[in-house]
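Asker:
2 protein chains.
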Amino acid sequence: MPMKHDIAQRLSQYRSVLYKLKALGFVRVFSDNLGDALEISPALVRKDFSTFSLTGNKRGGYRIDDLLDKLNRLLGKDKVQRIIIVGCGKIGQALMSYSGFTREGIQVVAGFDSNAAVIAPQASIPILDIKELKTYVKREGIRIAIVAVPDNSASHVFDLLRAAEIKGILNFAPVPLKGAEGCVVRNINIGLELENLFYLVRFAGKVPPQPAARPAG
Amino acid sequence: MPMKHDIAQRLSQYRSVLYKLKALGFVRVFSDNLGDALEISPALVRKDFSTFSLTGNKRGGYRIDDLLDKLNRLLGKDKVQRIIIVGCGKIGQALMSYSGFTREGIQVVAGFDSNAAVIAPQASIPILDIKELKTYVKREGIRIAIVAVPDNSASHVFDLLRAAEIKGILNFAPVPLKGAEGCVVRNINIGLELENLFYLVRFAGKVPPQPAARPAG
DNA sequence: GAAGATATGTGAATCGTTTCACAACAACGA
DNA sequence: TCGTTGTTGTGAAACGATTCACATATCTTC
Ligand SMILES: NC(=O)c1ccc[n+]([C@@H]2O[C@H](COP(=O)([O-])OP(=O)(O)OC[C@H]3O[C@@H](n4cnc5c(N)ncnc54)[C@H](O)[C@@H]3O)[C@@H](O)[C@H]2O)c1
Ligand SMILES: NC(=O)c1ccc[n+]([C@@H]2O[C@H](COP(=O)([O-])OP(=O)(O)OC[C@H]3O[C@@H](n4cnc5c(N)ncnc54)[C@H](O)[C@@H]3O)[C@@H](O)[C@H]2O)c1
């Protein structure tokens, strides 16, 4: 139950940085290097590694290959992760044809849509009728889905995915789906990110949450 | 300097929920209602409001219209926010044609690209040559940009935006751009979100950060 | 092989955020 | 008018995450 809210995120980031360092010819890293790269303190890097028993050497830091092996295993990078995309509109199709996933060991194996004009079972990544969702998910053992349907279909699609016993959802509809027993949800709300950015920019430097000068007293 | 890292995010979420309640005919809300909606405690809702001097009534809760007025002002929703998109490929174009932004008072006023085949200065949302970026940004007083260029162009584009004195960036390239003096950056890394989801799903319920049973002793 | 230099690994201290708990107050009913 | 009810507003407590600080291990050099 106690889940450090973004240590896993950092693990992925360490991994990404480590690959870059490795490509540059480095063999070892120090907690300072990783701290600089992620803009966190070296102590936190060490704490994180310690949490997952990623050990180094009291002098020469950490062996990059060693860290990468362990991180890859920890993050499930030793096998290709297969996902589906529900809603093959603008966002959905952009994601389906995104080559960056492959590099990360993520494979989009199918799309699903309710619009007959979009369905294309013979495409290299087949787009199937949403009615086939449950059968497909069960047969192929899919655990993760991306939701990219219009806002007003999102909660219906959410129910379908739950019925198909999907274990994790990445949701692009600006309708916060609430995680439920046995199904983790992460919401990506681009509008919200922008609003946040406006706010941050507006109050950059200035007194941010203006606690309203107390009426003299 | 001390910046509560996601209180602004919550402010936007309150706003969104309040509009839904209003549409349903509600006039007042209680901290409990908002707490339920955002899956946070009512106490935090009250603390947040208190921080921004959003006051309610000791019995009948908060007046929705009142909250919305104040939140809108606080979040800069009283005027349309004008943004640009750099990199008009798959993601960039999906965002340019996304109608959801308009609803939120966000207007994409131009796109920029380096590929002549994509440039279209006469389109309803013009796509201009990246060379015109600085001039345009200064002339139009643009403060926020979305970056949707390929990974290896990201940091170059970042420099161009900084030179144009852009104040905030929403970055889709999986290359963590580091915020700098006078420029806030938010990175959206979809691959990272997916990896995180895999991790969460893999360890759902089970012992998560396996602290490696100590060697008897 | 001892001395010095340098990084890790981690318990304790710190810091920021969230929750608790309750006084203060508004509305309502008798 | 006065008690009862229900909700806010907020100091203080609890909690969780991060940083500090240092003992400990390893490498390097003489
Ligand atoms: N396009 C963007 O840039 C953008 C940005 C932020 C958020 N979003 C959000 O992402 C979601 C998708 O946006 P989009 O622009 O790709 O929309 P879109 O209209 O282009 O695509 C939606 C697709 O979902 C399909 N669909 C509708 N109901 C369905 C159902 N019940 N089952 C299966 N498929 C169904 C439609 O046929 C369509 O192909 C929306 O919720 C939108 O708010 C989009
Ligand atoms: N497509 C996706 O689903 C997806 C998902 C996650 C992340 N991303 C990331 O988003 C970014 C864009 O992805 P995409 O699929 O839209 O790529 P894309 O190749 O379709 O589009 C990139 C656009 O940027 C333009 N460009 C290149 N260099 C430029 C420069 N120096 N100045 C201005 N414009 C320039 C190109 O001409 C092209 O139009 C990439 O970094 C990618 O990793 C994309």
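Line by line, the protein sequences are chains A and B.
The numbering of the first sequence is the working numbering, which starts it at 1 and goes up by one.
The numbering of the second sequence is the working numbering, which starts it at 1001 and goes up by one.
Backbone N, C-alpha and C define an ideal beta-carbon position, used for all residues, glycine too.
Remember, predicted model here, so these are calculated numbers, not experimental data.
1) Can you round the beta-carbon distance between Leu128/A and Ala110/A to whole angstroms, since I take them to be within the 8 Å contact cut?
2) Could you check which residue in Arg28/A, Ile130/A and Lys131/A has the C-alpha nearest to that of Asp66/A?
3) Looking at the structure shown, is Leu1200/B part of a helix, part of a strand, or coil, going by DSSP?
4) Using a C-beta to C-beta distance shorter than 8 Å, which residues of chain A count as neighbours of Ser1097/B?
5) Quick one: list the residues of chain B neighbouring Val149/A, beta-carbon separation under 8 Å, in chain order.
6) By the three-class DSSP mapping on this structure, what secondary structure does Leu1075/B have?
7) For the 8 Å Cβ check, are there 3 or more pairs between the region 169-176 of chain A and the region 148-159 of chain A?
8) So that I know if they touch, is there some Cβ in chain B lying closer than 9 Å to that of Val225/A?
9) Give the range of the alpha helix (DSSP H) segment to which Gln1009/B is assigned.
10) Starting from Gly1089/B, trace the beta strand (DSSP E) in both directions and tell me its first and last residue.
11) From the DSSP output, in three-state form, read off Ala120/A for me.
12) Hey, Leu1053/B and Glu195/A: beta-carbon distance below 9 Å or not?
13) Is there a C-beta anywhere in chain B that falls below 9 Å from the one on Ile144/A?
14) Taking the beta strand (DSSP E) that Ile110/A belongs to, which residues open and close that run?
15) Let me know if Ala1008/B comes out buried or exposed under the rule of 16 or more other beta-carbons within 10 Å of its beta-carbon.
16) Strictly under 9 Å for the Cβ-Cβ distance: is Leu1011/B near chain A by that measure?
17) Does any residue of chain B bring its CB to less than 9 Å from the CB of Pro176/A?
18) Counting only C-beta atoms, is Ser1041/B closer than 9 Å to chain A at any point?
19) Are Lys134/A and Ala180/A closer than 9 Å when you measure CB to CB?
20) Output yes if chain A places a C-beta closer than 9 Å to the C-beta of Phe1158/B; else output no.
21) With a threshold of 16 other CB atoms inside 10 Å of the CB of Val86/A, please say whether the residue is buried or exposed.
22) Any heavy atom of ligand 2 closer than 8 Å to the CB of Lys1090/B?
23) Taking the straight line between their C-alpha atoms, what separation do you get for Ile106/A and Cys88/A?
24) So Asp129/A is in the beta strand (DSSP E); what residue range does that whole segment cover?
25) Tell whether a beta-carbon distance below 9 Å holds between Pro1191/B and Glu104/A.
26) How close, in whole Å, do the beta carbons of Glu1193/B and Arg186/A come, if the pair is a contact with beta carbons under 8 Å?
27) So, is the C-beta of Gly217/A closer than 9 Å to a C-beta in chain B?
28) Look up Gly1061/B in the DSSP assignment and say whether it is helix, strand or coil.
29) Kindly indicate which residue of Asp78/A, Ala123/A, Pro126/A and Lys167/A has the alpha-carbon position closest to the one of Lys138/A.
30) Let me check you understand the geometry: is the CB of Ser1012/B closer than 8 Å to at least one non-hydrogen atom of ligand 1?
31) In or out: Arg1015/B buried (at least 16 other Cβ within 10 Å) or exposed?
32) Relative to the alpha-carbon of Pro126/A, which residue among Phe158/A, Val157/A, His156/A and Gly92/A has its alpha-carbon at the smallest distance?
33) Quick check on Ala23/A - is its C-beta less than 9 Å from some C-beta in chain B?
34) Could you tell me if Lys77/A is buried or exposed, where buried requires 16 or more neighbouring beta carbons within 10 angstroms of its beta carbon?
35) At what residue ranges does the region 155-201 of chain A contain a whole run of the beta strand (DSSP E), taking only runs of 3 or more?
36) Does DSSP put Arg1143/B in a helix, in a strand, or in coil?
Answerer: According to the structure shown:
1) 6 Å
2) Arg28/A
3) helix
4) Lys90
5) The premise fails here: Val149/A is roughly 13 Å from chain B at the closest Cβ pair, so nothing lies under 8 Å.
6) coil
7) yes
8) Nothing can be reported for residue 225/A: it is not among the residues displayed for chain A, which extend from 1 to 217.
9) Ile1007 to Ala1023
10) No beta strand (DSSP E) contains Gly1089/B, which DSSP labels as neither H nor E.
11) strand
12) Position check: residue 1053/B holds Ser in this sequence, whereas Leu was assumed. No, they are not a contact pair.
13) yes
14) The displayed chain sequence assigns Ala, not Ile, to residue 110/A. First-last of the beta strand (DSSP E) with Ala110/A: Ile106 to Asp113.
15) buried
16) yes
17) yes
18) no
19) no
20) no
21) buried
22) yes
23) 18 Å
24) Ile127 to Asp129
25) Here the sequence assigns Gly to residue 1191/B, which means Pro is not the residue at that position. It is a contact, given that the beta carbons lie within the stated cut-off.
26) 6 Å
27) Confidence at Gly217/A is low in this model, with a pLDDT of 26, below 50, so its placement is unreliable and the value that follows should be read with caution. No, no contact with chain B.
28) strand
29) Lys167/A
30) no
31) buried
32) Gly92/A
33) no
34) buried
35) 168-171 and 184-187
36) coil
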